[in-house]
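Enquirer: Take this structure, written in structure tokens, and hold onto it; I'll ask about it next.
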Amino acid sequence: MGKSEVPFIEVKNLKVHYTSEGRKIHAVNQVSFSLQKGETLGLVGETGAGKTTIAKSILRILPEPPARIEDGEIFLEGTDLLKLAEDEMRKIRGRKIAMIFQDPMTALNPVMRVGKQIAEGIALHEKVSAREAEEKAKKMLEMVGIPGSRYRDYPHQFSGGMKQRVVIAMALSCSPDLLLADEPTTALDVTIQAQVLDIIKNLQKEFKTSMIMITHDLGIVAEVCDNVAVIYAGQVVEYGSREEIFDNPLHPYTIGLFGSLPDINSDVERLSPIMGMPPDPANLPGGCAFSPRCPYADETCKNTDVKLDAIDGTHSCRCLHWRRTAQMKAETS
Amino acid sequence: MANSVAVSKGAAIGRKKKEGQFSLVMKRLMKNKLAMAGLCITLLLFLLALLSPWIMPYAYDELNMIDRFATPSLKHLCGADEMGRDIFSRLLYGARWSLALGFLATIISTVIGMIIGSIVGYFGGTVDTVIMRLIDILQAIPGILLAIAISACLGSGFMNTIIALSIGGIPMTVRLLRGSIMGVRKMEYLEAAQTINCSIPRLIVKHILPNSISPIIVSVTMGIGNTILMAASLSYIGLGVQPPTPEWGAMLSAGRTYMRDYPHMVLFPGIAIALVVLSLNMLGDGLRDAMDPKLKK
Amino acid sequence: MWKYIVKRLLWMIPVLLGIAIVIFTIMYFCPGDPAASILGNSATPAAIEEKRIEMGLNRPYMVRLLDYLNQVFLHFDLGTSYFQNQSVMSGILYRLPYTFMIAIICMLLQILIGTPLGITAAVHQNGIADRICMVIALAGVSIPGFWLAMMLVLLFAVRLGWLPPYGVGGLQYFILPCIANAFAGIASQARQTRSSMLEVIRSDYIVTARAKGLSEREILYKHALPNALIPIITVVGNGMGMMLGGTVVIESVFSIPGIGMYTTSAINNRDYPVVMGGVLFLGALFSLIMLLVDVIYAYVDPRIKAQYEGQQKSWKRRKRANG
Numbered sequence: 001m002g003k004s005e006v007p008f009i010e011v012k013n014l015k016v017h018y019t020s021e022g023r024k025i026h027a028v029n030q031v032s033f034s035l036q037k038g039e040t041l042g043l044v045g046e047t048g049a050g051k052t053t054i055a056k057s058i059l060r061i062l063p064e065p066p067a068r069i070e071d072g073e074i075f076l077e078g079t080d081l082l083k084l085a086e087d088e089m090r091k092i093r094g095r096k097i098a099m100i101f102q103d104p105m106t107a108l109n110p111v112m113r114v115g116k117q118i119a120e121g122i123a124l125h126e127k128v129s130a131r132e133a134e135e136k137a138k139k140m141l142e143m144v145g146i147p148g149s150r151y152r153d154y155p156h157q158f159s160g161g162m163k164q165r166v167v168i169a170m171a172l173s174c175s176p177d178l179l180l181a182d183e184p185t186t187a188l189d190v191t192i193q194a195q196v197l198d199i200i201k202n203l204q205k206e207f208k209t210s211m212i213m214i215t216h217d218l219g220i221v222a223e224v225c226d227n228v229a230v231i232y233a234g235q236v237v238e239y240g241s242r243e244e245i246f247d248n249p250l251h252p253y254t255i256g257l258f259g260s261l262p263d264i265n266s267d268v269e270r271l272s273p274i275m276g277m278p279p280d281p282a283n284l285p286g287g288c289a290f291s292p293r294c295p296y297a298d299e300t301c302k303n304t305d306v307k308l309d310a311i312d313g314t315h316s317c318r319c320l321h322w323r324r325t326a327q328m329k330a331e332t333s
Numbered sequence: 334m335a336n337s338v339a340v341s342k343g344a345a346i347g348r349k350k351k352e353g354q355f356s357l358v359m360k361r362l363m364k365n366k367l368a369m370a371g372l373c374i375t376l377l378l379f380l381l382a383l384l385s386p387w388i389m390p391y392a393y394d395e396l397n398m399i400d401r402f403a404t405p406s407l408k409h410l411c412g413a414d415e416m417g418r419d420i421f422s423r424l425l426y427g428a429r430w431s432l433a434l435g436f437l438a439t440i441i442s443t444v445i446g447m448i449i450g451s452i453v454g455y456f457g458g459t460v461d462t463v464i465m466r467l468i469d470i471l472q473a474i475p476g477i478l479l480a481i482a483i484s485a486c487l488g489s490g491f492m493n494t495i496i497a498l499s500i501g502g503i504p505m506t507v508r509l510l511r512g513s514i515m516g517v518r519k520m521e522y523l524e525a526a527q528t529i530n531c532s533i534p535r536l537i538v539k540h541i542l543p544n545s546i547s548p549i550i551v552s553v554t555m556g557i558g559n560t561i562l563m564a565a566s567l568s569y570i571g572l573g574v575q576p577p578t579p580e581w582g583a584m585l586s587a588g589r590t591y592m593r594d595y596p597h598m599v600l601f602p603g604i605a606i607a608l609v610v611l612s613l614n615m616l617g618d619g620l621r622d623a624m625d626p627k628l629k630k
Numbered sequence: 631m632w633k634y635i636v637k638r639l640l641w642m643i644p645v646l647l648g649i650a651i652v653i654f655t656i657m658y659f660c661p662g663d664p665a666a667s668i669l670g671n672s673a674t675p676a677a678i679e680e681k682r683i684e685m686g687l688n689r690p691y692m693v694r695l696l697d698y699l700n701q702v703f704l705h706f707d708l709g710t711s712y713f714q715n716q717s718v719m720s721g722i723l724y725r726l727p728y729t730f731m732i733a734i735i736c737m738l739l740q741i742l743i744g745t746p747l748g749i750t751a752a753v754h755q756n757g758i759a760d761r762i763c764m765v766i767a768l769a770g771v772s773i774p775g776f777w778l779a780m781m782l783v784l785l786f787a788v789r790l791g792w793l794p795p796y797g798v799g800g801l802q803y804f805i806l807p808c809i810a811n812a813f814a815g816i817a818s819q820a821r822q823t824r825s826s827m828l829e830v831i832r833s834d835y836i837v838t839a840r841a842k843g844l845s846e847r848e849i850l851y852k853h854a855l856p857n858a859l860i861p862i863i864t865v866v867g868n869g870m871g872m873m874l875g876g877t878v879v880i881e882s883v884f885s886i887p888g889i890g891m892y893t894t895s896a897i898n899n900r901d902y903p904v905v906m907g908g909v910l911f912l913g914a915l916f917s918l919i920m921l922l923v924d925v926i927y928a929y930v931d932p933r934i935k936a937q938y939e940g941q942q943k944s945w946k947r948r949k950r951a952n953g
């Protein structure tokens, strides 16, 4: 891993906005991160923080309009995806980068047989005959634990968990180099969540796929991610390896996220939720976007544009007062 | 106890949302130029119809034999008919008939349809099966044919024509309301309302109807246009409102005999009908777009 | 599926019974006396009364209704016209080709012109093509069909002399009636296609298809259109109903001796057997078309097909697959 100077995928200063009824909604503001081959990056944050928009920007499948990628670069092995012609980009979608969607109920075409939906991508990218594509699609179905005999079934004949497996089979059918998993388990029952996550993990290992895992579930992050980027109001507020983030969270928002996680080991009576609501992305507060909800914020937070500050190793944090936080932590422990 | 507090809080939020929704719909509608044009033309025609006795250049039934079949000129803007009556004045005055027919018939059929639809949609089961089968039967007769038959049975005249026109429109409203009630019925907020002992009629009026109302408003707007078209067809084949009443369809019917030599006699009433229906459709389209929940995101 | 079709066909019987009762009742309460209109103005009241008894018009409502239903549904006899001394069934069958011809041509025009127009508009949403399509469509649903027919006659028959103004004969006689009658159908087809395409284009599975690397064209025709077709089919069905109704008026404009003309002129003559027969026939035709629509529905949408067939089959298959 160490020898690769050029990261496998690198997102630089990505800026995306939506226009809705004349209002400009800033969904993603200057997001940068990179990922090495075979690694998994977790994008963590609340609903509406811009995580899905980041993933869709990488695949360039944002609906334009209303969305618009204003600025930034996304390098896949050195080529800027945002500068590629549409037909070049099409060769990347599904083959080099694939995506698993949040809601399996609506992600499948209701009037097309599921097998056909998988085989379609294979036939497109791998230049094989229809029969071979069908064979491979059946193999993919078996790989996610669905009998190949159900190739001819329609989505409505599957349960939510099985649909999501179909979506996973579809995403992995051309052995992509990068998998974008957008909350792949959120819409599923808790018991099914673990199964689906296991399937993703095993297949990722088998295909040596890099992955960007979008989630708001810190448990999933702990289980599958090597690195974590915490997203708030379209910005990376804290970035680091899994250990750095879990053992030493420094941004008040990240700390808040852990605070709102039930901990079975401690006998604390109540969870401490993050107070307030996420900011209106059409009307972001000045200075630090988190300052209105931050228990530690002061006047400078509201007026200063806060930069992502390197702490040590890969760990960085977008907070003026991270040193104070670190100190306080050292004192209490 | 705690439950009901939570529910009433939810209801309060719901109400606030409703108001917000209304102003949002209005705001969207104002931005839609086509819809606003439709609204303006409709209102203008209403005004003209109301004020027609004061603004029309001639009385609608004023005979003027010298000007028989006069072609459009400054004296007669839309020409004159076979009795020398001024077509422009007749169109203005006749707008009363056409608009009243369209609006009244549609509103009557919608109200009846809503009542039946509420009953059917709420109670479901046997009531639903029986009434919907009756609706099936009514809908299997082509609308215009039904209107023709009823109109022939009741005889011509304003009220009879309204009845003939409104019966054919009932099934659509019933289906529409039934559909949206069926959709809404399963929603959780109804259960919430039931847990705080909301009576059934109250439930329908207070909770189900407001949530099903937007498709109804759109269908009424479009329905008025369609009813005006149907009323005109009815008059055209000699039923419904009869000449010499200056109803637009009746004017077309009277003019068809002379149409080869004096096309202006059929040109202008047709344009008038198309204009009203067009503006109502533009308004209806705008309303539908403004209320489309899928655009709300 | 066959079971479903048979069930629906059987269901048509009570619907037709219902139509017969409704139309019989309407006609029963119609003012005017067929006996008097048959005998003409010079008939004496006594002669009219005698004729009424002869025709059975003096019997009570229930007796006449049951008699009529018995005659239609058990003997498949629609009765005889009061005036033309011809059975209603043969009168209808004689006139059917004209109405059918117009209806079929109009339906084809509606599908073949309206659908592509709507797709074009949806794909270029808010573009110039969209605007043009929608202006045409809006005009189409707003212009009275019979007035458009009159204008077409004035232009193409009277002024230009290209086409016959009325009557029946070769194919050229059908051009103007079909254009006039189909315009509204084309327009509503285009509007519905556009809105349902727009809705489908926003769906998640279209994003999935795009993420697979399919081209916009493939997405449009393989994924969007089959889904958008589902609500469009209903419009075609309803459009057929409107078209059948529209022919009633159009036939009168162009003096085409179709079923519509047969029925409407019978209303004016109080020729009740013809009116009831005509309405019943058109109702049956319309019900058959709606059945056809539902069958096509099931063919396009597997979810609905499963509903029709009952979940049994897929359940069995799942059991087999799992067991």
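Protein chains in written order, with this note's numbering: chain W, 1 to 333; chain V, 334 to 630; chain B, 631 to 953.
Heads up, the beta-carbon is just placed ideally off N, CA and C, and yes, glycines get one too.
#1: Rounded to whole angstroms, what's the CA-CA distance from Leu197 of chain W to Phe101 of chain W? Just pull it up for me.
#2: What residues match up with Ile25 of chain W in a beta bridge as DSSP calls it?
#3: Could you list which residues in chain B have their beta carbon closer than 7 Å to that of Val111 of chain W, in chain order?
#4: So, helix, strand or coil for Gln335 of chain W, using DSSP?
#5: So with Cβ pairs under 7 Å, would you call Met99 of chain W a contact of chain B?
#6: Got a sec: which bits of the region 881–896 of chain B sit with their beta carbon under 9 Å from any beta carbon on chain V, in order along the chain?
#7: Give me the Cα-Cα distance between Pro176 of chain W and His156 of chain W, rounded to the nearest whole angstrom.
#8: Counting contacts by CB-CB distance shorter than 7 Å, is His853 of chain B in contact with chain W?
#9: Should Arg131 of chain W be labelled buried (16 or more other beta-carbon atoms within 10 Å of its own) or exposed?
#10: Using 8 Å as the cut-off, can you tell me whether the region 355–369 of chain V makes contact with the region 607–619 of chain V, which would need three or more C-beta pairs spanning the two stretches below that distance?
#11: For Met610 of chain B, which residues of its own chain have a beta-carbon under 8 Å away from its beta-carbon, when the five flanking residues on both sides are left out?
#12: Measure the alpha-carbon distance for Ala841 of chain B versus Ala137 of chain W and round it to whole angstroms.
#13: If the cut-off is 9 Å on Cβ atoms, which residues from the region 718–752 of chain B count as contacting chain V, listed in chain order?
#14: Taking CB distances under 7 Å as the criterion, tell me whether Thr191 of chain W reaches chain B.
#15: Report, in whole angstroms, the separation of the C-beta atoms of Lys51 of chain W and Leu43 of chain W, which I expect to be a contact under 8 Å.
#16: Between the C-alpha atoms of Glu77 of chain W and Ile849 of chain B, what's the straight-line distance to the nearest angstrom?
#17: Checking 7 Å against the spacing of the C-beta atoms, do Ala810 of chain B and Leu790 of chain B come in under that value?
#18: Report the rounded CA-to-CA distance for Thr325 of chain W versus Asp80 of chain W, giving the unit in angstroms.
#19: Which residues does DSSP list as the beta-bridge partners of Glu10 of chain W?
#20: Between which residues of its own chain and Ile168 of chain W is the CB-CB distance below 8 Å, once the five residues before and five after are set aside?
#21: What are the residues of the region 830–844 of chain B that lie near chain W, defined by any Cβ-Cβ distance shorter than 8 Å?
#22: State the beta-bridge partners of His156 of chain W as determined by DSSP.
#23: From W:Ala85, W:Lys116, W:His17 and W:Ile61, pick the residue whose C-alpha is nearest to that of Ala67 of chain W; which is it?
#24: Do you know offhand how far Val551 of chain V's Cα is from Ile889 of chain B's?
#25: Can you find a CB in chain V that lies within less than 7 Å of the CB of Phe703 of chain B?
#26: By Cβ distance below 7 Å, which residues in the same chain neighbour Ser826 of chain B in space, the five residues on each side in sequence not counted?
#27: Using a Cβ-Cβ cut-off of less than 7 Å, give me the residues of the region 5–26 of chain W that come near chain B, in sequence order.
#28: Quick one: using the 10 Å Cβ neighbour count with 16 as the cut-off for buried, is Glu881 of chain B buried or exposed?
#29: Which residues does DSSP list as the beta-bridge partners of His315 of chain W?
#30: Where do the ends of the alpha helix (DSSP H) carrying Val460 of chain V lie?
#31: Would you check if the region 315–323 of chain W and the region 244–260 of chain W touch, i.e. whether three or more CB-CB distances between them fall below 8 Å?
#32: Could you check whether the Cβ of Tyr151 of chain W sits closer than 7 Å to any Cβ belonging to chain B?
#33: Taking Cβ-Cβ distances below 8 Å as the criterion, which residues of the region 649–663 of chain B are in contact with chain V?
#34: Residues in its own chain within less than 7 Å of Gly45 of chain W by CB, not counting five upstream and five downstream?
#35: Leaving out the 5 sequence neighbours to the left and right, which residues in its chain are closer than 8 Å to Met731 of chain B when beta-carbon positions are compared?
#36: Inspect the beta-carbon positions of Ala623 of chain V and Leu372 of chain V and report whether they are closer than 7 Å.
Expert: Reading off the structure:
#1: Residue mapping note: residue 197 of chain W aligns to position 197 of the first sequence, counting from 1. Residue mapping note: residue 101 of chain W aligns to position 101 of the first sequence, counting from 1. A direct Cα-to-Cα measurement between Leu197 of chain W and Phe101 of chain W gives close to 13 Å.
#2: Locating residue 25 of chain W in the first sequence gives position 25, counting from the first residue. DSSP output for Ile25 of chain W lists W:Tyr18 as bridge partner(s).
#3: Position 111 of the first sequence, counted from the first residue, corresponds to residue 111 of chain W. Within chain B, the residues near Val111 of chain W are Pro856, Asn857, Val930, Asp931 and Pro932.
#4: Residue coverage of chain W in this structure runs from 1 to 333, which leaves residue 335 of chain W outside it and unanswerable.
#5: Against the first sequence, residue 99 of chain W aligns to sequence position 99. Yes - at least one Cβ of chain B is within 7 Å of the one on Met99 of chain W.
#6: Ser882, Val883, Gly890, Thr893 and Thr894
#7: The residue given as residue 176 of chain W occupies position 176 in the first sequence. The residue given as residue 156 of chain W occupies position 156 in the first sequence. Going from the Cα of Pro176 of chain W to the Cα of His156 of chain W covers about 27 Å.
#8: Residue numbering aside, residue 853 of chain B sits at position 223 when the third sequence is read from its first letter. Judged by the 7 Å Cβ criterion, His853 of chain B is in contact with chain W.
#9: Taking the first sequence and counting its residues from 1, one reaches residue 131 of chain W at position 131. Exposed, because fewer than 16 other Cβ atoms sit within 10 Å of the Cβ of Arg131 of chain W.
#10: yes
#11: Here chain B has residues from 631 to 953 only, and residue 610 of chain B is not among them.
#12: As a position in the third sequence, residue 841 of chain B is number 211, starting the count at 1. As a position in the first sequence, residue 137 of chain W is number 137, starting the count at 1. If you take the alpha carbons of Ala841 of chain B and Ala137 of chain W, they lie about 17 Å apart.
#13: none
#14: Locating residue 191 of chain W in the first sequence gives position 191, where the first residue counts as 1. Judged by the 7 Å Cβ criterion, Thr191 of chain W is not in contact with chain B.
#15: In the first sequence, the residue the question calls residue 51 of chain W occupies position 51. In the first sequence, the residue the question calls residue 43 of chain W occupies position 43. About 5 Å separates the two Cβ atoms, so the contact holds.
#16: In the first sequence, counting from the first residue as 1, residue 77 of chain W sits at position 77. In the third sequence, counting from the first residue as 1, residue 849 of chain B sits at position 219. One C-alpha to the other measures close to 28 Å.
#17: Taking the first residue of the third sequence as position 1, residue 810 of chain B is located at position 180. Taking the first residue of the third sequence as position 1, residue 790 of chain B is located at position 160. Cβ atoms of Ala810 of chain B and Leu790 of chain B: not closer than 7 Å.
#18: Residue 325 of chain W sits at position 325 when you count from the first residue of the first sequence. Residue 80 of chain W sits at position 80 when you count from the first residue of the first sequence. Going by the C-alpha atoms only, they are around 38 Å apart.
#19: Sequence index remark: in the first sequence, residue 10 of chain W carries index 10 (1-based). Paired residues: W:Ser34 and W:Phe75.
#20: Here residue 168 of chain W is taken as the residue at index 168 of the first sequence, counted from 1. Excluding residues within five positions, the ones whose Cβ falls inside 8 Å are Ile100, Val144, Pro184, Val196, Ile199, Ile200 and Leu203.
#21: For the region 830–844 of chain B, which is checked against every Cβ of chain W, the residues closer than 8 Å are Arg832, Ser833, Asp834, Tyr835, Val837, Thr838, Ala839, Arg840, Ala841, Lys842, Gly843 and Leu844.
#22: Numbered from its first residue, the first sequence carries residue 156 of chain W at position 156. The partner list for His156 of chain W (beta bridge, DSSP) is empty, contrary to what the question assumes.
#23: For the purposes of this step, residue 67 of chain W is taken as residue 67 along the first sequence, with counting starting at 1. Checked all of W:Ala85, W:Lys116, W:His17 and W:Ile61; the closest Cα to Ala67 of chain W is W:His17.
#24: Position 218 of the second sequence holds residue 551 of chain V. Position 259 of the third sequence holds residue 889 of chain B. The straight-line gap from Cα to Cα measures roughly 34 Å.
#25: Locating residue 703 of chain B in the third sequence gives position 73, where the first residue counts as 1. It does not: the Cβ of Phe703 of chain B has no partner Cβ on chain V nearer than 7 Å.
#26: Taking the third sequence and counting its residues from 1, the one referred to as residue 826 of chain B is at position 196. Ala858, Pro861 and Ile862, listed in sequence order.
#27: none
#28: Along the third sequence, one-based indexing puts residue 881 of chain B at 251. Counting the other Cβ atoms within 10 Å of the Cβ of Glu881 of chain B gives 16 or more, which makes it buried.
#29: For the purposes of this step, residue 315 of chain W is taken as residue 315 along the first sequence, with counting starting at 1. Looking at the DSSP output, His315 of chain W bridges to W:Asp312.
#30: Working through the second sequence from its first residue, we reach residue 460 of chain V at position 127. Taken as a continuous stretch (DSSP letters only), the alpha helix (DSSP H) holding Val460 of chain V covers Gly458 to Gln472.
#31: Taking 8 Å as the limit for Cβ pairs, the verdict is that the region 315–323 of chain W does touch the region 244–260 of chain W.
#32: Here residue 151 of chain W corresponds to residue number 151 of the first sequence, with the count starting at 1. Not an interface residue.
#33: Ile649, Val652, Ile653, Ile656, Met657, Phe659, Cys660 and Pro661
#34: Along the first sequence, one-based indexing puts residue 45 of chain W at 45. The residues are Lys51, His216, Val230, Ile231 and Tyr232.
#35: Here residue 731 of chain B corresponds to residue number 101 of the third sequence, with the count starting at 1. If we look at Met731 of chain B and ignore the five residues flanking it on each side, its Cβ neighbours are Phe804.
#36: Within the second sequence, the letter at position 290 stands for residue 623 of chain V. Within the second sequence, the letter at position 39 stands for residue 372 of chain V. Not in contact: Ala623 of chain V and Leu372 of chain V (Cβ atoms no closer than 7 Å).
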